[in-house]
Structures are given as structure tokens and as C-alpha cells.
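In the numbering used here, the protein residues as written are 9 to 93.
Notes to accompany the following structure.
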């Protein structure tokens, strides 16, 4: 998912991507996990999500351009999760 105003920042997105749906009325980021996800890990993640306070320069949204380098560490962390997570 990408914010529409961010997507429109680059005209080539219309040529290279396809909109398959819209998610209107979003209430902010969401995290989806599978059924049966380990309760201890779930509690740790929930605590981290609710207590995380980003610095002013790390906020991503319609007012900040998208830079892959800003989120590479997040993808790296996802890659470190155990198989089947």
C-alpha cells in the first residue's frame, strides 16, 4: 500500500504499476499476523508498537518523500524472523 499523494509524486508510477484497489478511511498503520501467532512474541511486538516514538526525521507520510534507504532496515528485520512467522 502507498499513500496516493506519494504515488502521484512520480508520474512513471502510472506506467509501471497498477492500482488494484483503494483503502479509504484508513486509521493509520496496521499489523496483520497469522492465527496462532506466538503469544509472547505478539505481546512483545504490541508493546513495541504502542510505545515507539519516532524521531521527527523518521516519519514517513504524505509530507515526507519516500526513500528506500529509510525503510531497508525494516525489511532486514522482517527477513530475520523465524520461518513460518
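Ideal placement from N, C-alpha and C gives every residue a C-beta, glycine not left out.
Computed from a predicted structure; not experimentally measured.
Roughly how far, in whole angstroms, is the beta-carbon of residue 5 from the beta-carbon of residue 21, given that I think they are within contact range, below 8 Å? Outside the shown range of the chain, which is 9 to 93, sits residue 5, and nothing can be said about it.
Straight-line Cα distance separating residue 89 from residue 59: Spanning the two alpha carbons is a distance of roughly 21 Å.
Just how far apart, CA to CA, sit residue 82 and residue 40? 15 Å
Residue 91: which of 11, 79, 45 and 29 sits nearest, CA to CA? Looking at the Cα atoms, 45 is the closest of the given residues.
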